[in-house]
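Position 14 of the sequence shown, counting from 1, maps to 13 under numbering that gives the first Met the number 0, and the rest follow consecutively. Glycine included, each C-beta is placed from N, C-alpha and C at the ideal position. Since we're looking at a predicted model, the values are computed, not measured. The structure under discussion appears below in the form of structure tokens.
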Amino acid sequence: MTSGFTLIPEGNYVFRIYAATYDEDFGKIEVKMVNAAGMTHTERFSIKDNNDELNEKALNAFSHFTKTAMGDYGMEDIDPAELIDHYIRADVV
């Protein structure tokens with residue numbers, strides 16, 4: 000049997016963003032990250048709800064995530080692919 004899924008242990012990590020995609024049809028953004036030890040994490044943002052309306056909370060979360068990763072809090076917009084090879088620090092609890 001394989002070891003399968005394992006949780007990232009609690010701690011403070013720096014992750015490099017290695018992939019970011021936006022599915023316009025479903026309004027979903029997926030950001031894949033890896034840390035120096037090779038542990039991976041995927042963050043998903045559903046920016047549209049089931050009625051095809053914007054999900055303000057998810058948009059706010061993605062905006063904060065993006066501005067932090069890019070180090071630019073005055074950003075107006077972004078293509079998720081621009082996040083690739085940027086870094087973000089996270090506390091895993």
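So, for residue i: in the same chain, excluding its five sequence neighbours on each side, which residues have a beta-carbon less than 6 Å away from its beta-carbon?
{"i": "residue 79", "result": "19, 21, 28"}
Looking only at C-alpha atoms, which of the options sits nearest to residue i?
{"i": "residue 89", "options": "16, 3, 4, 81", "result": "16"}
{"i": "residue 56", "options": "44, 3, 49, 76", "result": "44"}
{"i": "residue 3", "options": "30, 70, 23, 39", "result": "39"}
{"i": "residue 25", "options": "69, 49, 7", "result": "49"}
{"i": "residue 23", "options": "46, 60, 10", "result": "46"}
Under three-state DSSP, which class holds residue i?
{"i": "residue 42", "result": "strand"}
{"i": "residue 59", "result": "helix"}
{"i": "residue 5", "result": "coil"}
{"i": "residue 69", "result": "helix"}
For residue i, which residues from the same chain have a beta carbon less than 7 Å from its beta carbon, with the 5 sequence-adjacent residues on both sides left out?
{"i": "residue 63", "result": "none"}
Taking the C-alpha atoms as reference points, what is the distance between residue i and residue j?
{"i": "residue 92", "j": "residue 37", "result": "18 Å"}
{"i": "residue 41", "j": "residue 51", "result": "23 Å"}
{"i": "residue 58", "j": "residue 85", "result": "19 Å"}
{"i": "residue 13", "j": "residue 34", "result": "6 Å"}
{"i": "residue 6", "j": "residue 71", "result": "30 Å"}
{"i": "residue 31", "j": "residue 81", "result": "13 Å"}
DSSP has residue i in a bridge; who is on the other side?
{"i": "residue 10", "result": "91"}
{"i": "residue 34", "result": "14"}
Excluding five sequence neighbours on each side, which residues of the same chain lie with their C-beta closer than 8 Å to the C-beta of residue i?
{"i": "residue 67", "result": "87"}
Using a Cβ-Cβ distance under 8 Å, would residue i count as near chain D?
{"i": "residue 31", "result": "The structure shown contains no chain D; it holds only a single protein chain."}
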